[in-house]
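Asks: The structure under discussion is supplied below as structure tokens; questions concerning it will follow.
Numbering (my numbering), first residue to last: 151 to 669.
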């Protein structure tokens, strides 16, 4: 097979990371510029890799032989992820030139960022279980060191400890899964495992292996209840929070997409992803509403979005899950890097006075209007492009529930007519965009990924449960101004703002409170 230029991308970063590590101190001569140039060269190699795939087809590179083979693959899915990671990495490295300027350990920071970025590039191109496990572990080691950049802060040490326990716990689950899957199918190649399993079916050992893969994916995406480390990454410099979205926090989704053909053979695994993902998405969204700090709110938003990613995988919407990874990574990396400017911009806004709070009737009308618009658009796209799967239609309905929250503001009694028109247009635009992006994602990545399974009784029950759950939470969010500050719910709001103290329980389990106090 052809050799892909994307395989060389991590090498450029590793070489410069080694040079940076040997130049400790503040403002090392020319290092920041060379780091940016290396990241830009990596982006160029990612682009060339995608072009070569279009021209010549997939490529593969293997070291060693047998089940322990370390292999990299270049196909449309991996090329997309490499391009995503390289682009965000370049933006973050460029941003770090100014953000870290003058820090006493500036060169060390650049070395760790480049090395971690290289590990992520290797991870998203993994073609075998051994490579997936090795590069996942290296990503974890790099991010832990970045979380400890200000190692004199007890909170940073606590966050790094929690991250390491969860992340490497997921790596241990992957190791056990690899033993079971290789023992069942005699190969460690990701494509080979999925192909053999589809032909022979799942053995009991393979079923247990799939369950461990799901566990690893849930841990790596900060799923409930071990999500606490993600909300504490603010102890690291802001570029680390942005880099986190370049294939790191999404790594659980990457693992599931890489083994999509295998995971989809297990209805129990798919159902588990729907349940865990759906609950995490709802929990994160509810807690996010109560946060006052912008970066903490963004972290809880990521918890919710990663839950939604698991939900998409559990529904078998693999192309949409990949689109979600791309879109969320770009949006959230930008949100973290611009968070400081956003706070300043909001502080400088002229306060127009009290907002129009929607009543119960306005909220009910908003949901009816949003769903009616969605039904019309869904019918139009179905007539043009053919029938949609039940999972895709359900996912669109869940997304439109979020739009109904905006429509409710426009239908409030005190809302000006222009606001009503704008929110109605937003609902229409969101429905059109959903089906347009869905069609584009399916046309781009759909042929390389398994089709969504035909829903059975279990799947239908989970779809209905998801629709009802997300609908109720969206309804409560739309009425948030009415109930959040009511005396009868004041206590609930406090508990919700603290995530019902699940993170505190994990702190206690690892001795985090004791360590913070002693320091």
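Where a beta carbon is used, it is the ideal one built from N, C-alpha and C, also for glycine.
1) Below 8 Å, can you find three or more Cβ-Cβ pairs linking the segment 301-308 to the segment 334-347?
2) Cα separation between residue 537 and residue 330?
3) Got a sec, what are the start and stop residues for the beta strand (DSSP E) residue 224 sits in?
4) Taking residue 155 and residue 272 to be in contact with their CB atoms under 8 Å, please state how far apart those CB atoms are, rounded to whole angstroms.
5) Assuming residue 426 and residue 373 form a contact by the criterion Cβ under 8 Å, report the distance between their Cβ atoms to the nearest whole angstrom.
6) Distance, Cα to Cα, residue 180 vs residue 579?
7) Residues in its own chain within less than 7 Å of residue 274 by CB, not counting five upstream and five downstream?
8) Taking 9 Å as the threshold (C-beta atoms), are residue 276 and residue 259 in contact?
9) What did DSSP end up calling residue 657 once you bin it into helix, strand or coil?
10) Would you call the CB atoms of residue 430 and residue 457 closer than 9 Å?
11) Mapping the DSSP letters down to three states, classify residue 556 as helix, strand or coil.
12) Name the one or two DSSP bridge partners that residue 339 has.
13) Return the CA-CA distance between residue 620 and residue 513, expressed in angstroms with no decimal places.
14) Thinking C-beta only, is residue 343 closer than 9 Å to residue 265?
15) Could you give the uninterrupted runs of the beta strand (DSSP E) lying entirely in the segment 451-490, keeping only those of 3 residues or more?
16) Tell me which residues share the same chain as residue 454 and place their Cβ nearer than 8 Å to its Cβ, disregarding the 5 neighbours each side in the sequence.
17) With contact counted as at least three CB pairs below 8 Å, one residue from each stretch, are the segment 351-371 and the segment 313-332 in contact?
18) Determine the DSSP secondary structure at residue 624, reduced to helix, strand or coil.
19) Taking only heavy atoms of the ligand NAD into account, decide whether any of them is closer than 8 Å to the Cβ of residue 421.
20) Would you mind working out which of 158, 170 and 314 sits nearest residue 290, comparing C-alpha positions?
21) Cα separation between residue 667 and residue 442?
22) Tell me, please, which residues DSSP counts as bridged to residue 211.
23) Taking the alpha-carbon of residue 269 as reference, which of 293, 256 and 190 has the nearest alpha-carbon?
Replies: A quick look at the data gives this:
1) no
2) To locate residue 537, count along the chain shown from 1; it is residue 387. To locate residue 330, count along the chain shown from 1; it is residue 180. Computed Cα separation, rounded: 39 Å.
3) Residue numbering aside, residue 224 sits at position 74 when the chain shown is read from its first letter. Its beta strand (DSSP E) spans residues 220-224.
4) Within the chain shown, numbered from 1, the residue matching residue 155 stands at position 5. Within the chain shown, numbered from 1, the residue matching residue 272 stands at position 122. The pair is not a contact, with the Cβ atoms about 14 Å apart (cut-off 8 Å).
5) For this step, residue 426 is matched to residue 276 along the chain shown. For this step, residue 373 is matched to residue 223 along the chain shown. Between residue 373 and residue 426 the Cβ distance is about 5 Å, and since that is below 8 Å, they are a contact.
6) Residue numbering aside, residue 180 sits at position 30 when the chain shown is read from its first letter. Residue numbering aside, residue 579 sits at position 429 when the chain shown is read from its first letter. So the alpha carbons of these two residues sit roughly 47 Å apart.
7) As a working mapping, residue 274 is identified with position 124 in the chain shown. Within the same chain, residue 274 has close Cβ partners 228, 231, 232, 235, 397 and 404.
8) Locating residue 259 in the chain shown gives position 109, counting from the first residue. Locating residue 276 in the chain shown gives position 126, counting from the first residue. No, these two residues do not count as a Cβ contact at 9 Å.
9) Position 507 of the chain shown, counting from 1, holds the residue named residue 657. Correct three-state label for residue 657: helix.
10) Position 280 of the chain shown, counted from the first residue, corresponds to residue 430. Position 307 of the chain shown, counted from the first residue, corresponds to residue 457. Going by C-beta atoms, residue 430 is nearer than 9 Å to residue 457.
11) Along the chain shown, one-based indexing puts residue 556 at 406. DSSP places residue 556 in helix when its eight states are reduced to three.
12) Stepping through the chain shown from its first residue, residue 339 is reached at position 189. BP columns for residue 339 point to 278.
13) Within the chain shown, residue 620 is the residue found at index 470, counting from 1. Within the chain shown, residue 513 is the residue found at index 363, counting from 1. For residue 620 and residue 513, the distance between alpha carbons rounds to 15 Å.
14) For the purposes of this step, residue 265 is taken as residue 115 along the chain shown, with counting starting at 1. For the purposes of this step, residue 343 is taken as residue 193 along the chain shown, with counting starting at 1. Contact flag unset, no.
15) none
16) Counting from one through the chain shown, the residue named residue 454 turns up at place 304. For residue 454, where only same-chain residues beyond five positions count, the Cβ hits under 8 Å are 430, 431, 432, 433, 434, 435 and 438.
17) yes
18) The residue given as residue 624 occupies position 474 in the chain shown. In the structure shown, residue 624 sits in a helix (DSSP, three-state: H, G or I).
19) This structure simply doesn't include the ligand NAD, nor any ligand for that matter.
20) The count along the chain shown starts at 1 and reaches residue 290 at position 140. Out of 158, 170 and 314, 314 has the C-alpha closest to the C-alpha of residue 290.
21) For the purposes of this step, residue 667 is taken as the residue at position 517 of the chain shown. For the purposes of this step, residue 442 is taken as the residue at position 292 of the chain shown. Residue placement at residue 667 is flagged as unreliable, the pLDDT there being 47, under the threshold of 50; the coordinate-derived value follows with that caveat. Taking the straight line from one Cα to the other gives about 25 Å.
22) The residue given as residue 211 occupies position 61 in the chain shown. Residue 211 is bridged to 222.
23) Here residue 269 refers to the residue found at position 119 of the chain shown. That would be 293, whose Cα lies nearest to the Cα of residue 269.
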